[in-house]
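The structure appears right after this line, and notes come after that.
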Amino acid sequence: MKAKIPLGWHMYALGNSSKSPIKMNFKFLPDKSYELVGKVSQPTPIRKFEKVLGIPVTYFENDVEFRQRIKIKGKNGTIRGTIQFMQCSDEICIPPQDFGFALKIFSL
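Here the numbering used here is used: the first residue of the sequence shown is 1, the next is one more, and so on.
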C-alpha cells in the first residue's frame, strides 16, 4: 500500500515505542483464500527524538510504501482489513485514524 504525504506533514512508522501515543498498524481479517507470510514491511524511516514525548519516534515524509507478502490458498478471495495511522505537521497532529481496505485476489 502506498501513501502520499502532503508537504509539511509526516506519517508515523510501524514499530514506535509502546510508550508512545503514536499508533500505526495494519489489521487483516482472516480469510481461507490466503494466509499472511511474515509481517508488514516498510522502508527505513526517519528517526528523531521527540521532545514533547521524551522518546525517539520514527516517521516518513513525502511518500511511503508498505508491503505484506501473502500465500494464495484459494482460487479467488478478498484481503480485508484496516490500517491505522497518525499524521502531524510542525504545528498540529491529527488523531489516529482507521481506514478499511479490500483487495481482490485472483489465482491464475
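Even glycine gets a Cβ: it sits at the ideal position worked out from N, Cα and C.
Straight-line gap, residue i to residue j (C-alpha atoms, nearest Å)
i: R67; j: K51; result: 30 Å
i: R47; j: Q97; result: 22 Å
i: G100; j: F28; result: 10 Å
i: K23; j: R69; result: 22 Å
i: A102; j: I72; result: 15 Å
i: P43; j: E65; result: 7 Å
Three-way DSSP call (helix, strand, coil) for residue i in this model
i: F66; result: coil
i: N16; result: coil
i: E50; result: strand
i: K4; result: strand
Residue i classed as buried or exposed, judged by whether at least 16 other C-beta atoms fall within 10 angstroms
i: N16; result: buried
i: T58; result: buried
i: P6; result: exposed
i: F49; result: exposed
For residue j and residue i, believed in contact at Cβ under 8 Å, the rounded distance
i: D63; j: A3; result: 6 Å
Closer than 7 Å to chain B by CB, residue i
i: P45; result: Any reference to chain B falls outside this structure, which holds one protein chain only.
Three or more C-beta pairs below 8 Å linking the segment 85 to 92 and the segment 28 to 38: Flag = no, the segment 85 to 92 and the segment 28 to 38 do not touch.
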